[in-house]
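J.: I have a structure I would like to understand better, so I am pasting it below and will then ask my questions one at a time.
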Amino acid sequence: MTVAAEKYKEQVYRMALRMATSGLVTGTWGNLSARVPREDLVVITPSGLPYSKLQVRDMVVMDMSGRVVEGEQRPSTEFQLHLAIYRDIR
Numbered sequence: 016m017t018v019a020a021e022k023y024k025e026q027v028y029r030m031a032l033r034m035a036t037s038g039l040v041t042g043t044w045g046n047l048s049a050r051v052p053r054e055d056l057v058v059i060t061p062s063g064l065p066y067s068k069l070q071v072r073d074m075v076v077m078d079m080s081g082r083v084v085e086g087e088q089r090p091s092t093e094f095q096l097h098l099a100i101y102r103d104i105r
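Its first residue numbered 16, the sequence shown is counted upward by one per residue in the numbering used here.
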């Protein structure tokens, strides 16, 4: 994976933990993602994993067509919505 994608995995992970400790999400509710600039990749939180148990390695990296390019977990069930937003704001 690229250095930029690794950086965004770390950022999405840290923000997910912040959201959980701030009480903004409960359990597995809520989704986060970030588009990796100039790489047509998106880092997204996994489906069904409580934020309190997340690790950086749990982040899912997808291409803009929705194909998982890195990660062992399933992407958030709302990944299509995230991708549509990123496609629209290009």
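Where is the CB? At the ideal position from N, CA and C, for every residue including glycine.
1) Just to confirm, are PRO61 and GLN88 a CB contact at a threshold of 9 Å?
2) Could you check which residue in TYR101, GLY38, ALA99 has the C-alpha nearest to that of PRO65?
3) What does a CB cutoff of less than 7 Å around ASP73 pick up in its chain, not counting 5 residues either side in sequence?
4) Name the DSSP bridge partner or partners of VAL76?
5) Using alpha carbons as the reference points, say which of ASP55, VAL71, ALA19 lies closest to SER80.
T.: For this structure:
1) Translated into the one-based positions of the sequence shown, residue 61 becomes position 46. Translated into the one-based positions of the sequence shown, residue 88 becomes position 73. The answer is yes: Cβ separation under 9 Å.
2) Position 50 of the sequence shown, counted from the first residue, corresponds to residue 65. Closest option to PRO65, Cα to Cα, is GLY38.
3) In the sequence shown, residue 73 corresponds to position 58, counting from 1. Once the five neighbours on either side are set aside, the close Cβ partners of ASP73 are PRO61, LEU64, GLN88.
4) Against the sequence shown, residue 76 aligns to sequence position 61. DSSP, once it has assigned bridges, lists VAL58, GLU85 as partnering VAL76.
5) By 1-based counting over the sequence shown, the position of residue 80 is 65. When only C-alpha atoms are compared, the closest one is ASP55.
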